[in-house]
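Undergrad: Just dropping this structure here.
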Amino acid sequence: MEILMSILIGLLFASAVYLMLSKSLLRIIIGTGLLSHGAHLLLLTMAGLKRGTVPLLGEEATNYTDPIPQALILTAIVISFGVTAFFLVLAYRAYQELGTDNIDEMRGSKNND
Amino acid sequence: MSLLHIAILAPLLLAIFIPFVYKRFRSIHTGWFVLWLPAILFIYFLQYLPDIKNQGFVEKTFNWIPSLGINFTAYVDGLGLLFALLITGIGTLVVFYSIYYLAKDKENLGSFYVYLLMFMAAMLGVVLSDNLIVLYAFWELTSFSSFLLIGFWYTKERSRHGAQKSMLITVFGGLSMLGGFIILSLLTGTFSIREIISQAGEISTEPFFILALVLVLLGAFTKSAQFPFHIWLPDAMEAPTPVSAYLHSATMVKAGIYIVARMSPVFAEQGLWIWLVGGVGLLTLFWGSFNAVKQTDLKAILAFSTISQLGMIMSMLGLGAAALHYDHLSENIYMGATVAAVFHLINHATFKGSLFMVAGIVDHETGTRDIRKLGGLMQFMPITATIAFIGTFSMAGLPPFNGFLSKEMFFTSVIHVLSLDIFNLETWGALFPILAWIASVFTFVYSMMLFFKTFRGQYQSEKLKKKPHEAPVGMWIPPAILGSLVILIGFFPNLLSNTILKPAAEVIQSPLINEGHSFDIHISFWHGFKPELFMTIGVIVVGVLLYKTMPKWTAIYNKFPSSLSLNHLYDQGLVHTEKGSNKVTDFYMNGSIRNYMVYIFIAFIGLLTITIIKKDAFFMDKSDLAPIGIYEIVLTLIIVAAAITILMAKSRLTSIIALGAIGYTVALFFVLFRAPDLVLTQLVIETVSVALFLLAFYHLPKINRKEERMRFKLTNAIVAAGVGIVVTIIALSAHSNKLFKSISEYYIENTADKAGGGNMVNVILVDFRGFDTMFEIAVLGIAALGVYGMIKLRLSRRQDR
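One line per chain: the protein sequences are H and X, in this order.
For the first sequence, the positions run 6 to 118 when the numbering used here is used.
For the second sequence, the positions run 29 to 829 when the numbering used here is used.
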């Protein structure tokens with residue numbers, strides 16, 4: 006399972022990078038979204054998968070899955086959401102002010118680098 | 029802090045008060061408030077003469093940074109004292125001269141004397157420091173104050189150019205020298221010059237010793253205007269004449285000579301030292317005198333002659349180093365070169381200082397320094413002409429002036445090169461006397477030019493702006509004093525020999541002296557019919573012939589292509605460095621974010637791949653894997669399909685929806701991997717994110733709404749695939765290389781007992797690791813405020829209205 010997940014994560018990273026290299030601002034942000042999905046799955050995979058039951062004490066089990074990466078991912082999800090939201094509004098404002106979503110057209114002019 | 033330290037720093041202290049004095053007493057020339065200090069310092073340093081003669085040196089230490097071994101150790105010995113006397117003595121005369129030279133109401137005298145005093149303190153610090161770092165600090169202060177003085181008339185473009193050029197070249201050398209000093213201190217463990225000298229024999233076989241030698245010499249050569257770094261000195265002639273007289277003839281340009289002399293006991297055993305110092309000095313001597321003849325500006329002639337004479341001193345110091353290879357002190361003929369170097373150092377300071385002042389007087393009284401316009405001035409200014417006569421004839425090396433004596437000693441030492449049998453000198457050594465003789469002929473020619481073309485010949489009144497007349501008394505007194513010194517030393521050279529020359533030469537040759545031996549100097553005016561006498565006669569005969577036939581052969585100077593001149597190379601070098609760096613920067617900083625991302629990702633791929641290969645880190649362990657079920661395969665396929673959809677989609681809406689699909693599938697993965705809290709959060713957040721994406725999509729600018737498929741780009745695809753593969757490989761290797769167990773046991777056991785909760789993830793978030801959560805809340809808060817601010821604040825539009 007871990008091998009399959011590693012390959013899947015690699016695929017997510019590759020598509021994220023490909024999107025981030027494109028010209029459209031919206032696609033770049035989609036790329037960052039894919040990248041954070043990849044990172045979250047990577048965190049979970051590295052801790053080992055399906056090593057026990059849900060980390061709730063009421064389950065009366067002998068083995069629990071590792072709770073630490075889950076806590077880390079939860080934090081990461083919230084932070085990446087905050088950043089993505091900020092980014093999106095930034096992109097939205099850029100559309101409004103500059104009238105373009107092509108980053109090549111957003112370069113400073115010769116006199117205004 | 030002893031009196032000696034105060035004496036060294038006194039000019040700096042006085043410099044603080046000069047601007048106030050300048051502002052307060054406008055009716056009195058500020059120079060009068062400066063004049064007393066170098067005079068007192070000169071008398072103060074004279075008092076050291078008996079001490080130095082009897083006990084060799086005086087040392088006073090003032091702690092500066094003891095923990096790093098950097099202390100301001102003032103150390104007066106024969107060599108340092110000689111320079112200190114030159115600096116203060118000629119400093120006094122130059123200040124006196126500048127009082128009459130610079131107009132009270134036209135020039136910014138406050139700045140001038142502040143810079144000059146800064147320079148004086150820096151120079152005293154250079155020659156009286158035993159600590160290399162302190163020496164370097166003062167060394168850079170000389171470069172810096174010289175820069176300020178050359179650019180004194182900063183409204184003139186040529187002044188700024190000259191100042192910049194001298195700054196770039198001397199600071200280049202200064203930094204190399206710092207490198208050499210640091211290597212020396214690493215080899216010996218000390219910054220003290222005397223302690224380094226005491227270890228000179230042990231470190232000479234170290235691998236970096238030669239590098240230190242070359243670096244220190246670079247510093248000395250740039251400062252002392254040796255070939256090919258001499259090009260800054262003629263351009264520095266844009267400075268006021270008192271500055272040229274002081275810095276660029278008598279003191280600062282001799283700082284490099286000082287370093288070579290001071291470091292001789294450390295390096296002189298090396299053959300490379302003899303070759304470099306002697307050879308470069310000789311080349312400079314020849315090149316400087318050869319180029320001086322074609323100049324038409326008085327100060328330019330003097331600048332090239334300074335270059336040439338410095339080369340002569342330098343080459344004598346190099347030849348003097350040969351003395352270390354012979355044990356018999358009493359018969360050691362190579363000692364003579366060192367003595368000659370020190371002797372000529374003093375002589376050069378006297379006659380060159382007076383000649384610069386004479387050039388200043390001529391400029392001041394006629395309005396030009398161009399020898400093509402000058403001539404016949406002797407009848408108007410007899411005193412100045414007399415001083416010039418003494419100076420030029422001494423420079424040419426004619427009896428009875430002091431230049432004659434040192435030139436004879438110079439010839440003696442170059443003739444001795446012929447009997448040297450070390451370091452291949454027997455093959456190429458013959459070059460030394462030949463080049464030295466040719467250079468002396470040219471020296472004779474430009475010296476005669478300097479005197480006869482200015483003061484004799486036809487008076488051309490129509491070319492001069494002013495009617496020339498004799499200079500005011502104050503202006504000719506300082507050069508007259510120097511001129512009388514020229515004669516005094518010329519007739520009684522032994523006045524100096526035991527008091528100053530011997531202690532100074534003993535310092536330079538200290539490895540030979542340290543066993544209680546000493547040597548005697550006797551400079552004889554007449555030493556019989558020796559080869560050097562015939563060489564001098566030859567110089568005079570050929571020199572007179574060349575001078576008489578000058579118009580016929582000066583055409584050879586035009587034969588040299590100007591594109592090969594060193595100034596041209598320097599200028600082009602600067603232009604091309606600037607253009608080149610512009611091109612390089614424009615090449616990689618093209619303003620496109622995509623390019624920068626490509627650099628970053630390529631660096632990521634490259635560095636990680638190299639590391640993995642070098643460390644042989646890829647390793648796959650299949651023993652500890654979770655089983656794969658049908659659900660996982662289905663979910664994986666969904667994600668793969670959605671990712672491909674995003675990449676191939678024509679419309680952005682499809683991409684957004686596919687991104688949502690991936691988000692929800694990841695939530696399903698969290699279900700499979702037993703993470704209920706993650707599932708909840710992921711579902712909610714994915715929903716909100718997709719809504720936000722749709723909002724952004726909805727507001728796309730109308731003009732560019734044309735939906736188009738992402739165009740395939742091979743480089744992007746390769747970079748993306750590379751990143752994906754590297755991440756996969758690292759994930760696989762990391763999973764296979766678990767070195768120790770997880771710490772999660774502790775959390776699982778203590779969630780109920782110590783924290784009183786049942787949900788381990790939540791207890792970790794708010795109890796065990798609550799800090800993370802606090803700042804995560806802060807992140808959300810900041811993001812919210814940022815979003816609000818971005819939408820609400822519209823400063824640019826308000827300005828437009």
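Ideal Cβ placement from N, Cα and C applies to all residues, glycine included.
Model, not experiment: these values are computed from the prediction.
1. Tell me which same chain residues have a C-beta within less than 8 Å of the C-beta of residue 72(H), skipping the five on either side of it?
2. In whole angstroms, give me the CA-to-CA distance for residue 408(X) and residue 475(X).
3. For residue 640(X), which residues from the same chain have a beta carbon less than 7 Å from its beta carbon, with the 5 sequence-adjacent residues on both sides left out?
4. Taking only the alpha-carbon atoms, compute the straight-line gap between residue 282(X) and residue 587(X) and give it to the nearest angstrom.
5. Rounded to the nearest angstrom, how far is the Cβ of residue 514(X) from that of residue 379(X), given a contact under 8 Å?
6. Do we get a CB-CB distance below 8 Å when we pair residue 24(H) with the residues of chain X?
7. Could you name the residues of the segment 652-679 of chain X whose beta carbon sits closer than 7 Å to any beta carbon of chain H, in the order they occur along the chain?
8. Do you know offhand how far residue 763(X)'s Cα is from residue 212(X)'s?
9. Is residue 498(X) helix, strand or coil by DSSP?
10. As a quick exercise: from 446(X), 337(X), 597(X), pick the residue whose alpha carbon is nearest that of residue 316(X).
11. Would you kindly work out how many angstroms separate the C-alpha atoms of residue 111(X) and residue 419(X), rounded to a whole number?
12. Does the Cβ-Cβ distance between residue 342(X) and residue 305(X) come in under 8 Å?
13. Could you pull the start and end residues of the beta strand (DSSP E) that residue 480(X) belongs to?
14. Residue 829(X) CB to nearest chain H CB: under 8 Å?
15. Got a sec? Which residues, its chain only, sit under 6 Å from residue 421(X) by beta carbon, not counting five neighbours each side?
16. Which of helix, strand or coil does DSSP assign to residue 37(X)?
17. In the structure shown, what three-state DSSP assignment does residue 67(H) receive?
18. List the residues of chain X whose Cβ lies closer than 8 Å to the Cβ of residue 89(H), in chain order.
19. For residue 63(H) versus residue 784(X), is the C-beta spacing smaller than 8 Å?
20. Buried or exposed: residue 669(X), going by 16 or more other Cβ atoms within 10 Å of its Cβ?
21. Show which residues of chain H have a CB atom less than 7 Å away from the CB atom of residue 792(X).
22. Which term fits residue 660(X), buried or exposed, when burial requires 16 or more other beta carbons within 10 angstroms of its beta carbon?
23. Using only the alpha-carbon positions, how far apart do residue 35(H) and residue 823(X) sit?
24. Is it right to say residue 12(X) is buried, meaning 16 or more other beta carbons lie within 10 angstroms of its own, or is it exposed?
25. With distances taken between CB atoms, is the gap from residue 415(X) to residue 500(X) smaller than 8 Å?
26. Quick one: which chain X residues come within Cβ less than 7 Å of residue 96(H)?
27. Is there a C-beta anywhere in chain X that falls below 8 Å from the one on residue 48(H)?
28. Keeping to the same chain, check which residues put their C-beta closer than 6 Å to that of residue 167(X); ignore five residues upstream and five downstream.
29. Find the nearest neighbour of residue 490(X) within the set 395(X), 181(X), 370(X), judged by alpha-carbon distance.
30. With contact counted as at least three CB pairs below 8 Å, one residue from each stretch, are the segment 138-156 of chain X and the segment 31-47 of chain X in contact?
31. Residue 274(X) by DSSP, collapsed to three states: which one?
32. Does any CB atom of chain X fall closer than 8 Å to the CB of residue 80(H)?
33. Taking DSSP as the reference, what is the three-state secondary structure of residue 767(X)?
34. In this structure, does DSSP put residue 136(X) in helix, strand or coil?
35. Here's a check: name, in chain order, each residue in its chain whose Cβ is nearer than 7 Å to the Cβ of residue 829(X), leaving out the five neighbours to either side.
36. Within its chain, find whatever has a CB closer than 8 Å to the CB of residue 788(X); leave out the 5 residues flanking it on each side and keep chain order.
TA: Let me lay it out:
1. Stepping through the first sequence from its first residue, residue 72(H) is reached at position 67. So the qualifying residues of the chain are 60.
2. Within the second sequence, the letter at position 380 stands for residue 408(X). Within the second sequence, the letter at position 447 stands for residue 475(X). Distance between the alpha carbons of residue 408(X) and residue 475(X): 21 Å.
3. One-based indexing of the second sequence puts residue 640(X) at position 612. 646, 757, listed in sequence order.
4. In the second sequence, counting from the first residue as 1, residue 282(X) sits at position 254. In the second sequence, counting from the first residue as 1, residue 587(X) sits at position 559. Computed Cα separation, rounded: 33 Å.
5. The residue given as residue 514(X) occupies position 486 in the second sequence. The residue given as residue 379(X) occupies position 351 in the second sequence. About 5 Å; that satisfies the 8 Å criterion.
6. Translated into positions along the first sequence, residue 24(H) becomes position 19. Yes - at least one Cβ of chain X is within 8 Å of the one on residue 24(H).
7. 653, 654, 655, 656, 660, 664, 667, 668, 671, 674, 675
8. Here residue 763(X) refers to the residue found at position 735 when the second sequence is read from its first residue. Here residue 212(X) refers to the residue found at position 184 when the second sequence is read from its first residue. The alpha-carbon atoms of residue 763(X) and residue 212(X) are separated by roughly 51 Å.
9. Taking the first residue of the second sequence as 1, we reach residue 498(X) at position 470. Coil.
10. One-based indexing of the second sequence puts residue 316(X) at position 288. The candidate whose alpha carbon is nearest that of residue 316(X) is 337(X).
11. Reading the second sequence from its first residue, position 83 is the one you call residue 111(X). Reading the second sequence from its first residue, position 391 is the one you call residue 419(X). Each residue's Cα considered, the two are about 21 Å apart.
12. Position 314 of the second sequence, counted from the first residue, corresponds to residue 342(X). Position 277 of the second sequence, counted from the first residue, corresponds to residue 305(X). Contact: yes.
13. Stepping through the second sequence from its first residue, residue 480(X) is reached at position 452. No beta strand (DSSP E) holds residue 480(X); the alpha helix (DSSP H) holding it covers 459-483.
14. Position 801 of the second sequence holds residue 829(X). Residue placement at residue 829(X) is flagged as unreliable, the pLDDT there being 48, under the threshold of 50; the coordinate-derived value follows with that caveat. With 8 Å as the cut-off, residue 829(X) does not count as an interface residue toward chain H.
15. Position 393 of the second sequence, counting from 1, holds the residue named residue 421(X). Hits under 6 Å: 429.
16. Taking the second sequence and counting its residues from 1, the one referred to as residue 37(X) is at position 9. Residue state, collapsed to three classes: helix.
17. Along the first sequence, read from residue 1 onward, the residue named residue 67(H) stands at position 62. Residue 67(H): coil per DSSP, three-state reduction.
18. Position 84 of the first sequence holds residue 89(H). Under the 8 Å cutoff, chain X gives 717, 720.
19. Residue numbering aside, residue 63(H) sits at position 58 when the first sequence is read from its first letter. Residue numbering aside, residue 784(X) sits at position 756 when the second sequence is read from its first letter. Result no, Cβ atoms of residue 63(H) and residue 784(X) do not sit closer than 8 Å.
20. Walking along the second sequence from the start, residue 669(X) turns up at place 641. With fewer than 16 other Cβ atoms within 10 Å, it is exposed.
21. Here the question's residue 792(X) lines up with position 764 in the second sequence. Within 7 Å Cβ-Cβ: 72, 73, 76.
22. Here residue 660(X) refers to the residue found at position 632 of the second sequence. So residue 660(X) ends up on the buried side.
23. Working through the first sequence from its first residue, we reach residue 35(H) at position 30. Working through the second sequence from its first residue, we reach residue 823(X) at position 795. If you take the alpha carbons of residue 35(H) and residue 823(X), they lie about 29 Å apart.
24. Outside the modelled stretch of chain X, which goes from 29 to 829, sits residue 12(X), for which no answer is possible.
25. Counting from 1 along the second sequence, the entry for residue 415(X) is found at position 387. Counting from 1 along the second sequence, the entry for residue 500(X) is found at position 472. Contact flag unset, no.
26. Indexing the first sequence from 1 puts residue 96(H) at position 91. Here the neighbours are 724.
27. Counted from its first residue, the first sequence places residue 48(H) at position 43. So no, residue 48(H) is outside the interface.
28. Start at 1 with the first residue of the second sequence, and residue 167(X) comes out as number 139. Only 154, 202 meet the Cβ criterion.
29. What you label residue 490(X) is simply residue 462 of the second sequence in a count that begins at 1. The residue with the shortest Cα to Cα distance from residue 490(X) is 395(X).
30. yes
31. In the second sequence, counting from the first residue as 1, residue 274(X) sits at position 246. Correct three-state label for residue 274(X): helix.
32. Sequence index remark: in the first sequence, residue 80(H) carries index 75 (1-based). Residue 80(H) counts as touching chain X.
33. Residue 767(X) sits at position 739 when you count from the first residue of the second sequence. Coil at residue 767(X), not helix or strand.
34. Walking along the second sequence from the start, residue 136(X) turns up at place 108. Three-state DSSP puts residue 136(X) in coil, outside helix and strand.
35. On the second sequence, residue 829(X) is found 801 positions in, with the first residue counted as 1. Confidence at residue 829(X) is low in this model, with a pLDDT of 48, below 50, so its placement is unreliable and no value can be given for it.
36. Start at 1 with the first residue of the second sequence, and residue 788(X) comes out as number 760. These residues qualify, in order along the chain: 775, 776, 779.
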